[in-house]
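Just so we're aligned, residue -19 is where the sequence shown starts under our numbering, counting upward by one.
Note that the Cβ used here is the ideal one computed from N, Cα and C, for glycine as well.
Everything on this sheet refers to the single structure shown next.
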Amino acid sequence: MIVPSRRGIARAASIISLGNIASRVLGLVRETAFANAFGASGAFSAFTAAAQIPMMIHDMLIGGLLSSALVPVFSEHAEDREAIWRIVSIVLGTIVVLVSLAVLLVELTAPALTVLLVGGFSPELQALTTQLIRLVTPAVLLLSVAGVLTGLLYALKRFTFAAFGAAVYNIGMIVGAVWLTRFFDEPHRIYALALGMLLGSAGQVLLLLPDLRDQRIRLAFDWRHPVLRRIGKLYLPIALGLVISQIGIFIDRNLASGTGEQSISWMRYATTLIQFPLGLIAAAVSLAVLPNLSELASRRQFEAYRQTLFTGLRLVLVLILPATLGLFVLAHPIVALLFQRGEFTAYDTAWTARALRLYLLGLPFAAIDQPLVFGFYARQNTTLPAIVGAIAVGIYTLVALSFVNTFGMMALVAANSIQWMGHAFIMLWLTRRHVGTFHESGLLTTTLKAGLAALIMAVGVAGALAGLTPMLPATLVGRVLAVVVPALVGVGLYALMVWLLRLDEARAAARLVWKKVRGR
C-alpha cells in the first residue's frame, strides 16, 4: 500500500480548495446574473421550483453517495485497474438505469408534480413550471454520470479536473442567464436558464474526460455484484435521511407558492447568502476536526472523542456568531450590492433582506448541527440523525401551517429557522446522553464570550453604517463602501474583543480559515 506524502496531500487539498472557492464565487456570480436578468419574477420562481426536481433526484441518488460510499469503495480497488474498471462500469450502468427511469417517471407525471410542488401558483405559472420541469429534468442524468466519474477520479487521486466540476456547472448557468437569453422573446426568456442548466451539466461530464482517457469504462450490468450490495449498505441510512430532507423542501416550496409568485425567488436569494458562512465554517471545521472523530470512536478513546467534538463546536461558535450578526446588520446593503440591478428592484431588495434577517436567527443552530451529526456518524450511528431529521421536518410543517395564512412567506422563513433550532437542541440533548455531561466542555464560556464580542461588533457595524450612509452616493461605488467600510470596522472590533476577552478559540479558528483559503 502506498502512503501518500505530505506534499501530495497538501497539493490535493490545494486543488480541492481552489475548486471550492471557484465554485462559490461563480455561484454568487450566477445568482447575480439571475437577479439582473429576471429579478424576483414569477417566471424565475417557476424555474427555481422546476430545477428542484432534478436536484432532488441527484441529491438522493448521488449527492451523499459520493463521499459515503463511492469514494471509499473505489479507493479499495484503486491499485487493481482491471477490478476498478469493472466496478465503475457496473456502478455507472446501474446509476444510468435508475436515473433514466426516474427521469422518465418525472416526464410522465410532471403536471401532477407541479401541483404538489407549487399548487399555489396561478394556472399560467403552473403550466410554465410543468414545461420547465420537463426541460431541466434530463440534466440529472448528466449530473449523475459526472458524480460517478468524480468518485472514480478522487479514488485515483486525480483531482485537477474533478475539483472544478461545480464551477463548470455554474459557468453553464451564467451563460444561460447572460447570453442565451438574447435568443428568446420576453415570454420565453426563462427557457434560457433551462438550457444553461443542461449546458452546465454536460460541461461537467466533458471536463472529466481528459483525466479518464486511459480508463476502459463502459456501461455494464451485474445486479448481483457484491459491490452494489456494499454501496447500498453504506448509503441506505443516509439516503433515508435525504428523502426526509427532500420532503421538507417539497412542503416548503408548495406553501411558498401560495404566498405570492415572488416569494420563492426572494427566499432563494436569501438562502444563497446564508450558505456562504455556513459552507465556509462547516467545511473548515470538517477539515480540521471531524476526520479524527471516526478514528477516536473506533479506538474507543471516548474522552479524546468528547474533547475533539467540543473543540469543533467551540470553533464553530466563534466563527458563526460574528458572521450572523454582521450579516444581520448589513443585510440590506449586501443584498443591494449583489443583486439590485436590471430586473431586481429596490422592492425585491427590501423583501430579500427581511427574509435573510429571519433566516439568520437559525443560522448558528444550523452551523453547530453538522459537527453534532458527524459525531453520530463517527460512532456508526446513522439512525438517530435520520429520526431527528424527520422530527425537524414535522416541526417546520407544524409552524408553517399554523402561521402561513397570517404572515405569508415570512412564516415559512421563520419556520425554517425554528426547524434548525429544534434539530440542534435535540442533537445537543442526544449528544449529552451519548458522550456524557457538557461540564468542562467550555461551550458555555465560549458562547458567552463570543456572543458578547459579536454583539459589540454589531453595534459598531451599525454605527458605522448609520454614519456613512448619508454621505454615500447612490452609485455602485457607494454600495461597495456601504458594505466594505462597516465590515472592516466589524472585523477590527471583533479582533479587539477577542484579545480583551482572551478568546483563544477565535485565534485557532482564524488560522483554520486562513489555511482553508490558502488551500493548505
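Report task. Look at Leu112 and Ala26 and say whether their C-beta atoms are less than 8 Å apart. Result -> Their beta carbons are under 8 Å apart, which means Leu112 touches Ala26 by this criterion.
Report task. Tell whether a beta-carbon distance below 8 Å holds between Pro351 and Val296. Result -> yes
Query raised in the report: What are the boundary residues of the alpha helix (DSSP H) that includes His403?
Result: Met389 to Val415
Requested in this report: Using the Cα positions of Arg210 and Ala63, report the straight-line distance between them to the nearest angstrom.
Outcome: 15 Å
Requested in this report: Report buried or exposed for Ser245, applying the criterion of at least 16 other Cβ atoms within 10 angstroms of its Cβ.
Outcome: Buried: at least 16 other Cβ atoms inside 10 Å.
Query raised in the report: For Ile229 versus Arg10, is the C-beta distance shorter than 8 Å?
Result: no
Report task. Taking 8 Å as the cut-off, decide whether the C-beta atoms of Val120 and Val83 are in contact. Result -> yes
**Report entry** With 16 other Cβ atoms within 10 Å as the buried cut-off, status of Val68
**Finding:** Val68 comes out buried.
Query - Pairwise C-alpha distance: Gln281 and Thr329 - result: CA-CA distance, Thr329 to Gln281, rounds to 51 Å.
Query raised in the report: Helix, strand or coil: how does DSSP classify Trp479 here?
Result: Trp479 sits in a helix when the DSSP states are folded into three classes.
Report task. Check Asn150 in the structure and name its three-state DSSP category. Result -> helix
Query raised in the report: Is Leu299 closer than 8 Å to Met437 when the C-beta atoms are compared?
Result: Result no, Cβ atoms of Met437 and Leu299 do not sit closer than 8 Å.
Query raised in the report: Which stretch, first to last residue, makes up the alpha helix (DSSP H) that contains Glu104?
Result: Under the DSSP assignment, Glu104 falls in the alpha helix (DSSP H) whose first and last residues are Pro103 to Val116.
Query raised in the report: Is it right to say Gln255 is buried, meaning 16 or more other beta carbons lie within 10 angstroms of its own, or is it exposed?
Result: exposed
**Report entry** Neighbourhood of Arg337 by C-beta distance below 6 Å, restricted to the same chain and skipping five residues each side
**Finding:** Phe308 and Ala311
Requested in this report: For Glu323, name the three-state secondary structure that DSSP assigns.
Outcome: In the three-state reduction of the DSSP assignment, Glu323 falls in the coil class, being assigned neither a helical nor a strand state.
Report task. At 4 residues or longer, and completely inside the region 299 to 361: list those alpha helix (DSSP H) runs for me, N to C. Result -> Taken in chain order, the whole alpha helix (DSSP H) runs of length 4 or more contained in the region 299 to 361 are 311 to 319, 326 to 340 and 343 to 358.
Requested in this report: Return yes when the Cβ of Asn234 is within less than 8 Å of the Cβ of Gly73, no when it is not.
Outcome: No; because the gap between Cβ atoms is not below 8 Å, this pair is not in contact.
Requested in this report: Thinking Tyr134 and Thr251 are a contact (beta carbons under 8 Å), I'd like their distance in whole angstroms, please.
Outcome: Tyr134 to Thr251, Cβ: 28 Å. No contact.
**Report entry** Spatial neighbours of Leu408 in its chain, beta-carbon cut-off 7 Å, leaving aside the 5 residues before and after
**Finding:** Only Leu352 meet the Cβ criterion.
Query raised in the report: Using CA coordinates, which residue listed in Val185, Thr325 and Phe18 is at the minimum distance from Gly145?
Result: Checking every option, the nearest Cα to that of Gly145 belongs to Val185.
Query - Which of helix, strand or coil DSSP assigns to Trp246 - result: helix
Query raised in the report: What are the boundary residues of the alpha helix (DSSP H) that includes Gly19?
Result: No alpha helix (DSSP H) holds Gly19; DSSP gives it neither H nor E.
Requested in this report: Out of Gly292, Tyr327 and Asp191, state which residue places its alpha-carbon closest to the alpha-carbon of Gly422.
Outcome: Gly292
Query raised in the report: Per the contact definition of three or more C-beta pairs closer than 8 Å, is the region 314 to 322 in contact with the region 430 to 449?
Result: no
Query raised in the report: Cα-Cα, which of Ala31, Ala147, Val207 and Leu136 is closest to Ile70?
Result: Residue Val207 holds the alpha-carbon nearest to the alpha-carbon of Ile70 among Ala31, Ala147, Val207 and Leu136.
Query raised in the report: To which residues of the same chain is Val158 closer than 7 Å at the C-beta, ignoring the five residues directly before and after it?
Result: Ala13
Query raised in the report: Do Val76 and Leu199 have their CB atoms nearer than 8 Å?
Result: yes
Query raised in the report: In this structure, does DSSP put Lys429 in helix, strand or coil?
Result: helix
Query raised in the report: Got a sec? Which residues, its chain only, sit under 6 Å from Ala20 by beta carbon, not counting five neighbours each side?
Result: Gln242, Ser245, Trp246 and Asp328
Report task. Measure the alpha-carbon distance for Gln32 versus Asp165 and round it to whole angstroms. Result -> 25 Å
Query raised in the report: Excluding the five sequence neighbours on either side, which residues of its own chain have a C-beta within less than 6 Å of the C-beta of Leu178, listed in chain order?
Result: Ala119
**Report entry** Leu175 to Thr161 span [Cα, whole Å]
**Finding:** Approximately 10 Å between the Cα atoms of the pair.
Query raised in the report: alpha helix (DSSP H) containing Met177: first to last residue?
Result: Start and end: Tyr171 to Leu188.
Requested in this report: With DSSP as the reference, label Lys508 as helix, strand or coil.
Outcome: Absent from the model: residue 508. The displayed extent of the chain is -19 to 500, so no value can be given.
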